[in-house]
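**Student:** Questions regarding the structure given below will be posed in turn.
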Amino acid sequence: MMFLFFFVYCTIQGNEEADRLAKEAAETENFPETPLELPKYFIKIFLRQKMLATWQMAWDDGDTGRLIHNIIPKVSLHPINWTRNEVLFFTGHGPFPSFLHRFNHAETSFCSCGEIGTPIHYATVCLLTTSYHMAPPSQQHQPIWFRRVANNSTSRRKIHNLLHFFQRETSLFRPDPN
92 MMFLFFFVYC TIQGNEEADR LAKEAAETEN FPETPLELPK YFIKIFLRQK MLATWQMAWD
152 DGDTGRLIHN IIPKVSLHPI NWTRNEVLFF TGHGPFPSFL HRFNHAETSF CSCGEIGTPI
212 HYATVCLLTT SYHMAPPSQQ HQPIWFRRVA NNSTSRRKIH NLLHFFQRET SLFRPDPN
């Protein structure tokens, strides 16, 4: 067996040129852009993550939708699947005197029982809706209460039935003008 040792790159012109280019590239700060061949799934995942991060920042820093932000603080590509009545309840929009009065569609924001007619009032303390009541939260725990109600199917069913009753018997909930 015989071993031969020799310096290959010393005598071959191509290797010397490659050496020179490598040294030049290492000393240069501006590298030329070379297109990378990335798999489609990688690009898709990367763009989805960037989009969700941008959307989350906008959702966290926004001025509107704060009631819903307290219930659903994290953005998602998966739908929530709330019914119309659940949307009305959680947003506070709809047939509630407190909402209607803000836009001059009701003379007063009070329920016929004498308290302000908010969604949480009807779901927890109104004498006219006792069969739909849930345990009332303290003032500082209302955002947590809404989140728990939104994530509990039994509570959501009560909300749905409450609003169905509310819409069917609207005249009960309006104060007597006399």
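If you want my numbering, it's the position in the sequence shown, counting the first as 1, plus 91.
Don't be surprised by glycine CBs; every beta carbon is placed ideally from N, CA and C.
Just so it is clear, the structure is predicted and the values come from calculations on it, not from any experiment.
1) Here's the rule: buried if 16 or more other CB atoms are within 10 angstroms of the residue's CB, otherwise exposed. What is Leu236?
2) So within the stretch 167-224, which uninterrupted alpha helix (DSSP H) runs reach at least 4 residues, ignoring any that extend past its ends?
3) Assess contact between the stretch 170-178 and the stretch 145-155, defined as three or more Cβ pairs (one per stretch) separated by less than 8 Å. Is contact present?
4) Could you pull the start and end residues of the alpha helix (DSSP H) that Gln258 belongs to?
5) Would you call the stretch 214-229 in contact with the stretch 240-251, where contact means no fewer than 3 C-beta pairs closer than 8 Å?
6) Just verifying my parser: in three-state terms, what is the DSSP assignment at Thr119?
7) Once DSSP output is grouped into helix, strand and coil, what is the label at Asp154?
**Tutor:** Looking at the coordinates:
1) Stepping through the sequence shown from its first residue, residue 236 is reached at position 145. For the sequence presented, residue 236 should be read as Trp rather than Leu. Burial call: buried.
2) 175-182, 188-193 and 210-215
3) no
4) Along the sequence shown, read from residue 1 onward, the residue named residue 258 stands at position 167. First-last of the alpha helix (DSSP H) with Gln258: Ser244 to Arg259.
5) yes
6) Reading the sequence shown from its first residue, position 28 is the one you call residue 119. Residue state, collapsed to three classes: coil.
7) Mapped onto the sequence shown, residue 154 falls at position 63. Residue state, collapsed to three classes: coil.
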